[in-house]
Amino acid sequence: MASGTDISRAEAEAAPRPWRQAVVLGGGYAGLLTARVLAETFERVTVIERDRAPRPGEPRPGVPQARHPHGMLARGGQLLEILFPGLREELSARQAPVFDFGTAYRSLLPTGWAPSAHLDIPLQSCGRDTLEECLRRRVTALPQVETLDGFRADGLALDRAAGRVRAVIGRRLAPGATPENLTLPADLVVDATGRSSPLSRWLEAAGYPRARRLAVASPFAYSSRLYEIPDSARDHDWLCSVEVPFLPAVPRGGGILAIDGGRWIICLITRDDDLPPADDTGFLEYATGLRNPHFAECVAEGTPLSRTYRHTNPGNHWTLFHKMPAWPDGLTVLGDALCTLNPLYGQGMTVAAEQAVLLGTMLGERAAAGKPAGPVARPFQRRAARLLRLPWTFSTTADLAADPSRALSVGRRLAHRYLTGLLAVLPEDPAAYRRFARVQHMLDGPAALAHPSVLLSVLRHRAR
């Protein structure tokens with residue numbers, strides 16, 4: 003006999019859907035999460051992806067961060083487990099470690115080592131390829147979902163009179179065959195194509211004004227490499243060790259992270275005019291120059307499993323679609339296609355999960371009220387923008403402050419000054435560090451850092 007959970011899941015999958023067809027542009031992380039939530043309210047969800055599905059263990063060609071560490075924040079991990087029950091256990095079976103941020107995460111801040119104490123902030127680390135492989139298998143197993151790999155989306159069929167999107171227009175690109183033109187009708191189209199999204203161009207070609215785009219460059223660059231690291235090369239009580247760069251005083255940093263399959267990934271971070279060498283000797287010399295001794299030990303005793311991959315100008319970009327004077331029904335955009343945050347701060351994957359969950363919630367409310375799906379578009383873009391304000395402010399303030407040639411607004415200058423004071427007290431104030439860690443992992447809002455005990459600790463430090 004099936005358990006109650008099995009029955010409820012089976013009933014949910016068999017329940018009638020109020021709307022017929024949704025199309026998701028992009029079959030990566032954000033697209034897969036979107037397809038998962040759309041499957042609750044659409045009879046059919048078609049996920050189209052330009053690249054062919056990678057073989058197990060290989061990253062998708064369209065993921066610039068595939069060879070670098072992916073720090074899933076605790077809030078993101080919670081949302082993934084809600085969307086995909088049992089995912090953490092599935093990843094654990096592939097040797098993706100689960101650990102507490104306070105005890106197995108060693109963080110050398112600009113002012114000293116962060117306190118080591120249990121924080122009840124569980125994390126799980128794995129390679130991007132492994133995570134997407136597990137998500138893809140689960141999403142494509144849903145009866146409502148179909149995937150079209152090798153599909154190039156060329157534009158949208160827009161009904162300007164009705165003010166809505168009717169379909170996606172594109173071509174199926176089969177190897178060695180003539181491209182097949184396809185039109186995919188849709189009640190809702192979601193752009194999850196990532197930072198190279200063509201949506202602004204498509205809308206402008208259809209007569210819509212070009213959306214304003216904010217851009218804040220980052221002064222950082224980083225190089226990453228996979229390693230096999232023997233237990234003798236590290237303390238046995240940590241699974242991640244970082245050195246936090248903080249320009250201009252601390253221009254170099256990095257991270258060492260245990261991921262699935264018994265692999266480790268080592269990332270060296272620096273200014274974009276001071277790239278770490280890609281050769282073995284240079285990589286070791288650079289690692290040896292860091293204050294955190296774990297880097298020199300792990301690089302010296304570890305065995306490289308890959309070449310070195312570099313990424314420059316990670317930057318931040320936000321297209322303000324929510325401020326456009328007109329927006330078509332039946333079209334939404336999320337993930338990196340909407341806003342790209344500097345990957346060094348680890349917020350992007352969690353923000354994309356929050357946006358997907360938000361879209362699913364809003365569609366569920368409309369379905370329960372018997373309303374059409376298309377008009378969810380503009381309210382969603384506005385609410386998605388509200389979700390982005392804090393991550394955007396944090397990421398861009400950190401990057402702007404790292405470049406002394408760029409002027410900061412009064413608000414950003416005060417925020418950065420407070421953050422500088424906060425970092426100074428964290429090594430000696432475990433209670434303040436607990437609050438900081440919960441905000442960092444998007445479990446609490448930034449108001450937690452204005453708690454009287456934290457303010458007093460910062461003021462006392464400044465008074466010394």
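In our numbering, the protein residues as written are 3 to 466.
Where is the CB? At the ideal position from N, CA and C, for every residue including glycine.
Can you have a look at residue 412 and say buried or exposed, based on whether 16 or more other CB atoms are within 10 angstroms of its CB? exposed
Comparing C-alpha positions only, which one of 241, 225, 125 sits nearest to residue 231? 241
Just to check my reading of the structure: residue 220 and residue 316 have Cβ atoms closer than 8 Å, yes? What is that Cβ distance to the nearest angstrom? 5 Å
Pull up the distance between the alpha-carbon of residue 415 and that of residue 403, whole angstroms please. 8 Å
To which residues of the same chain is residue 352 closer than 6 Å at the C-beta, ignoring the five residues directly before and after it? 75, 77, 78, 444
For the beta strand (DSSP E) that residue 243 lies in, which residues bound it at each end? 242–245
Spatial neighbours of residue 273 in its chain, beta-carbon cut-off 6 Å, leaving aside the 5 residues before and after: 221, 253
Would you mind stating whether residue 191 and residue 301 have Cβ atoms separated by less than 8 Å? no
By Cβ distance, which residues of its chain are closer than 6 Å to residue 47, with the 5 residues on each side in sequence left out? 24, 37, 40, 41, 146, 147
For residue 451 versus residue 438, is the C-beta spacing smaller than 8 Å? yes
At the level of alpha carbons, what is the spacing between residue 463 and residue 206? 53 Å
For residue 71, the residue or residues it bridges with in DSSP: None; residue 71 has no bridge partner.
Would you give the residue range spanned by the alpha helix (DSSP H) that residue 478 belongs to? Shown here, the chain extends from 3 to 466; a query on residue 478 therefore has no answer.
Drop a sphere of 10 angstroms on the beta-carbon of residue 251, count the other beta-carbons inside from all chains shown, and report buried for 16 or more, exposed for fewer. exposed
Are the beta-carbon atoms belonging to residue 335 and residue 186 less than 8 Å from one another? no
Among all the DSSP beta bridges, which residues are the ones paired with residue 413? According to DSSP, which records beta bridges pairwise, residue 413 is partnered with nothing at all.
Helix, strand or coil for residue 107, going by three-state DSSP, please let me know. strand
Residue 51 bridges to which residues according to DSSP? 151
Is the beta carbon of residue 135 sitting closer than 8 Å to the one on residue 34? no
Any contact between the segment 290–301 and the segment 310–329? By contact I mean 3 or more CB pairs, one from each, below 8 Å. no
Between the segment 351–365 and the segment 77–91, can you find at least three pairs of beta-carbon atoms closer than 8 Å? yes
Under DSSP, the alpha helix (DSSP H) around residue 79 begins and ends at which residues? 76–85
Whole beta strand (DSSP E) runs in the segment 264–304 with 3 or more residues, listed along the chain? 266–273
Can you say whether residue 127 is buried or exposed, counting buried as having 16 or more other CB atoms within 10 angstroms of its CB? buried
Own chain, CB closer than 6 Å to residue 387, minus 5 neighbours either side, in chain order: 324
Using CA coordinates, which residue listed in 171, 89, 408, 384 is at the minimum distance from residue 140? 89
Answer yes if the segment 390–401 comes into contact with the segment 333–349, meaning at least three C-beta pairs across the two stretches below 8 Å, and no otherwise. yes
Return yes when the Cβ of residue 234 is within less than 8 Å of the Cβ of residue 303, no when it is not. yes
Here's the rule: buried if 16 or more other CB atoms are within 10 angstroms of the residue's CB, otherwise exposed. What is residue 1? The shown model of the chain, from 3 to 466, leaves out residue 1, and the question about it has no answer.
Option nearest residue 169 by Cα separation, candidates 175, 178, 183: 183
Looking at residue 155 and residue 50, is the spacing between their C-beta atoms short of 8 Å? yes
Please state whether the Cβ-Cβ distance between residue 268 and residue 311 is less than 8 Å. no
Which residues does DSSP list as the beta-bridge partners of residue 166? 161, 331
Take the Cβ of residue 447 as the centre, count every other Cβ of all protein chains shown within 10 Å, and call the residue buried at 16 or more, exposed below. exposed
Determine contact between the segment 365–379 and the segment 420–431, defined as no fewer than three beta-carbon pairs at a distance below 8 Å. no
Using the Cα positions of residue 442 and residue 262, report the straight-line distance between them to the nearest angstrom. 24 Å
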